[in-house]
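Asker: Dropping a structure here in structure tokens format, bear with me for questions.
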Amino acid sequence: MERDNRRNEKITAFVLFGFALFYFLSSWRMKMGSPRNPGPGLIPLITGSLLLLCTAAYLIRVLRPKSGGRKEEKAPPRGEKNYGAIFGILGCTLAYPFLLEYGKFIASTFAVVYVMLVLLKPSRSLLSFFLALGMAVGSFVIFSFLLGVALPSGFLEDLLFRIGG
Amino acid sequence: MLEISQSLLHGFAIALQPVYLYYALIGTILGTIVGVLPGLGPLGAMAILLSFTLKLDAAGAMILFAGIYYGAMYGGSTTSILLNIPGEAASVVTCIDGYKMAQKGRAGAALTVSAVGSFIAGTISILGLMGVVLFLADIALRFGPPEFFAIGVCGLVLLVRLTGGSILQAFIMILLGMALATVGMDFLTGIGRFTFGIHELEQGIDFLPVAMGIFGIAEVLTAVEQKEFIQPVKTVGLRELLPTREEWRRSFPAMFRGSILGFIIGLVPGPSPVISTFVSYICEKRLSKNPGEFGEGAIEGVAGPESANNAAVGGAYVPLFALGIPFTPAMAIVLGTLMLHGLTPGPNLIKTKPDLFWTVIASMYIGNFMLLVLNLPLVNVFVRILKVPQNILMPVIVLICLIGVYTVNASYLDLLMLAVFGFVGYALRGVGFQVAPLILAMVIGPMLETSLRQSLSITGGNLAGMILRPICLALYIIVGLTFALPVVWKSIKKSRLLRRSQIQGKIPDK
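Chains X and Y, in that order, give the protein sequences. With our numbering, the residue at position 11 of the first sequence is 11, and numbering never jumps. For our numbering, count along the second sequence from 1 and bump the result up by 165.
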């Protein structure tokens, strides 16, 4: 567990440093202006420089072998992680915009919710099916019918509109 | 004084309209549910509901959020007392004596004292808020860009110092937030910054998907990490809710002390409701004639901290309304809401939109009253919420976030941002980063940039001219002391320890 945390810390530190470097170099190309008339690049450059310094210090701190007395905010031990659920839910949120574009609201919402329910409770796939269906239709009714939100509509949504009058 | 009373009465007249009463009721119920559920705090709930407030007017949105904030403070105490589970961080201290009281069969008394204390604290903090905001707003009207820049810097630095944890990590979060705030078209020159040719990025990174991702999606990902655990639910009979005369006698002074302490601490940047509970608990223990009772079920240990965390909520509204600067992450979300409604909080808001200000103040009071009346009889209903399986609750939260973000701009990029920032928030939390300063900096960032650039233009690029103005200088001195004092204190302690060791003969004199 400790080793996992150390590895995650190192990855985070490298990613943060990489982002800071990229941000700093991008801001370097912007117009700084003069002290009397600061340009659009002034704040990004100050922010980028400070971010680069801080992330470099964090990277050094993470890469340095740990001494016993060092005080650092640590995430509490979390036991066995449910990586399937974590990456599944993340995948669902990433896939949702693409699904929404082609599958429209009800089908894509049903698919995403069903996958999430199954990931969190694999033993109840039939119940998950009906729950997902209920949530997809229910959320469409609440948001589209009751709140008047314009949601991507296709055949299923039109059908519901016709049924709903 | 007469003008204030008239304005407040006018605020009550608006807040008592059925539609606003409905928002206050929904807010307090939602807040209580959020407070009861461990993991999902008021911040997450406010972020998740942010997009839906666009359907309401600004006053309605503010009333809803005030209800959520107060409700969460109260809901957290219910599970702390009954189940020893702090629904959120500000209720951790209540577990110590509240749960002990429950074990001794005094759960009902602890819940009542907590509810009455929260109501008294809410009332005191609203009175304080009215007085301090108006006074501060009058002064703030005389502030120029250098003062606002100094206040922003001071707020962020104090937040870093008081949030706890690693200072370096907190600074990285603030700078990341500032960096995100610079994306989009420059407001003065119209030049695009970090847009990489993506047309949608010219408007900047929307605050909404970032907040909902970092708090909503990240909370879900953190919650599903572990296997599900359903808490056995404990209930309280209505007859058990009444404290004894002795318990009332001991509670009232603690409630008043907690309220005043909480309000003052609420004015300071940082997680003020959490800090206030600890300070109040220590204060009560020191003042008690029987400090040995603390930790064993002392009613003052419930009354003081529970009043303090509610009063801190009122205090936290002061810098937002008076200066337009949020000092806590929850207030950053409230500021974001106002901005989504086209309003800029600050001293001018009270002058230009007095109806909004006084309606919110009045509705806070109404919300507090609702909490007192509704929550005690419904305590068993709220506790049963813990029985809702996580595998159903979490997909619902994700779905609300997805629909919430989509409904604002119908933008697929916003949905992608939600997913990306959900992962970013989850990853950063996993290695011990506190993500709240990022959101705060993202909200304050544009204001800081504007005031710095305006200040430099006004002073002709003279930094000394910016710093040496009386208010600015005082604020920069506070910033300096915030960093210098702990170092000095540490070295004094170290030298004292060394001297003591030398006296005891452990370390020989050189």
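Even for Gly, the Cβ is constructed at its ideal location relative to N, Cα and C.
Ordered along the chain, which non-local residues of its own chain (more than five positions away) have a Cβ less than 8 Å from that of G501(Y)?
Answerer: The answer, listed in chain order, is L215, F372, L373, A376 and V608.
Asker: Can the beta-carbon of Y446(Y) be found closer than 7 Å to that of V258(Y)?
Answerer: Yes, the Cβ-Cβ distance between Y446(Y) and V258(Y) is below 7 Å.
Asker: For a test of the three-state rule: what should DSSP assign to M350(Y), helix, strand or coil?
Answerer: It is a strand residue.
Asker: With a cut-off of 7 Å, does the C-beta of K81(X) fall near any C-beta of chain Y?
Answerer: Closer than 7 Å to some Cβ of chain Y, the Cβ of K81(X) qualifies, so yes.
Asker: Would the beta-carbon of L613(Y) fall within 7 Å of that of G317(Y)?
Answerer: Closer than 7 Å, so yes.
Asker: Measuring alpha carbon to alpha carbon, tell me which of G587(Y), V499(Y), L488(Y) and C260(Y) ends up nearest S245(Y).
Answerer: Here the closest residue by C-alpha is C260(Y).
Asker: Any idea if G96(X) is buried or exposed, counting beta-carbon neighbours within 10 angstroms, 16 or more meaning buried?
Answerer: In the sequence on display, residue 96(X) carries Tyr and not Gly. Buried.
Asker: Exposed or buried, D149(Y), counting other C-beta atoms within 10 Å across all chains shown (16 or more means buried)?
Answerer: Nothing about residue 149(Y) can be reported from this structure: the residues present for chain Y run from 166 to 675 only.
Asker: So is the beta-carbon of Y187(Y) under 6 Å away from any non-hydrogen atom of the ligand ZN?
Answerer: No copy of the ligand ZN appears in this structure; indeed no ligand is present at all.
Asker: For my contact list, A584(Y) and L120(X) are in at a C-beta cut-off of 8 Å; report their separation, rounded to the angstrom.
Answerer: Contact doesn't hold; Cβ gap of about 18 Å is too wide.
Asker: So what's P38(X) in DSSP terms, helix, strand or just coil?
Answerer: P38(X): strand per DSSP, three-state reduction.
Asker: Spell out the partners DSSP gives R358(Y) in its beta bridges.
Answerer: The partner list for R358(Y) (beta bridge, DSSP) reads G349(Y).
Asker: Under the three-state reduction of DSSP, which class applies to G625(Y): helix, strand or coil?
Answerer: Reduced to three states, the DSSP call for G625(Y) is coil.
Asker: Does the Cβ of E449(Y) have 16 or more other Cβ atoms within 10 Å, making it buried, or fewer, making it exposed?
Answerer: Burial call: buried.
Asker: Pull up the distance between the alpha-carbon of A180(Y) and that of A481(Y), whole angstroms please.
Answerer: For A180(Y) and A481(Y), the distance between alpha carbons rounds to 21 Å.
Asker: Using a threshold of 7 Å, state whether the C-beta atoms of F110(X) and L146(X) are closer than that.
Answerer: No; because the gap between Cβ atoms is not below 7 Å, this pair is not in contact.
Asker: With 16 as the cutoff for other CB atoms within 10 Å, does L126(X) come out buried or exposed?
Answerer: When all chains shown are included, L126(X) counts as exposed.
Asker: I'd like to know if the segment 264 to 279 of chain Y and the segment 456 to 476 of chain Y are in contact, where contact means that at least 3 CB-CB pairs between them fall below 8 Å.
Answerer: Cβ pair count under 8 Å is three or more, so yes.
Asker: Return yes when the Cβ of M631(Y) is within less than 7 Å of the Cβ of S622(Y), no when it is not.
Answerer: Going by C-beta atoms, S622(Y) is not nearer than 7 Å to M631(Y).
Asker: Of all the CB atoms in chain X, is at least one closer than 7 Å to the CB of I657(Y)?
Answerer: Judged by the 7 Å Cβ criterion, I657(Y) is not in contact with chain X.
Asker: Residues of chain X with a CB under 9 Å from the CB of T572(Y): which are they?
Answerer: Those within 9 Å of T572(Y) in chain X are F143, L147, V149, A150 and L151.
Asker: For the pair the segment 574 to 594 of chain Y and the segment 377 to 391 of chain Y, tell me if three or more CB-CB distances fall below 8 Å.
Answerer: These segments touch.
Asker: Answer yes or no: does any C-beta atom of chain X fall closer than 7 Å to that of A223(Y)?
Answerer: Not an interface residue.
Asker: Listing by chain order, which chain X residues have their CB less than 8 Å from the CB of L580(Y)?
Answerer: Correct list: T93, Y96, P97 and L100.
Asker: Assuming A155(Y) and L628(Y) are in contact, meaning their beta carbons sit under 8 Å apart, how far apart are those beta carbons, in whole angstroms?
Answerer: The first residue shown for chain Y is 166 and the last is 675, placing residue 155(Y) beyond what the model contains.
Asker: Closer than 7 Å by C-beta to D351(Y): which residues in its own chain qualify, once you throw out the five before and the five after it? Chain order, please.
Answerer: R358.
Asker: Going along chain X, which residues have a C-beta under 7 Å from S622(Y)?
Answerer: By Cβ distance, chain X contributes R36 and N37.
Asker: Would you mind telling me which residues of chain Y sit closer than 8 Å to L117(X), beta carbon to beta carbon, in chain order?
Answerer: Per Cβ cutoff of 8 Å: N556, I557 and P560.
Asker: Is it true that the segment 331 to 340 of chain Y meets the segment 42 to 57 of chain X, where meeting means three or more beta-carbon pairs spaced less than 8 Å apart?
Answerer: At 8 Å Cβ cutoff, the stretches touch.
Asker: Is T243(Y) near V544(Y), with beta carbons less than 7 Å apart?
Answerer: Yes, the pair counts as a contact, with Cβ atoms nearer than the cut-off.
Asker: Quick one: Cα of R549(Y) to Cα of L202(Y), how far?
Answerer: About 10 Å.
Asker: Evaluate D303(Y) with the Cβ neighbour count: other Cβ atoms within 10 Å of its Cβ, from every protein chain shown; 16 or more gives buried, anything less gives exposed.
Answerer: Classification for D303(Y): exposed.
Asker: Once DSSP output is grouped into helix, strand and coil, what is the label at E73(X)?
Answerer: Its pLDDT being 48, under 50, E73(X) is placed unreliably in this model, and the value from its coordinates should be taken loosely. In the structure shown, E73(X) sits in coil (DSSP, three-state: anything other than H, G, I, E or B).
Asker: Three or more beta-carbon pairs under 8 Å between the segment 571 to 584 of chain Y and the segment 308 to 317 of chain Y, yes or no?
Answerer: In short, these stretches do not touch, since the Cβ pair count stays below three.
Asker: What do you reckon, are the CB atoms on A476(Y) and S290(Y) nearer than 7 Å?
Answerer: Taking 7 Å as the Cβ cut-off, A476(Y) and S290(Y) qualify as a contacting pair.
Asker: So E168(Y) is in the alpha helix (DSSP H); what residue range does that whole segment cover?
Answerer: Looking at the DSSP string, the run of the alpha helix (DSSP H) that includes E168(Y) is L167 to A180.
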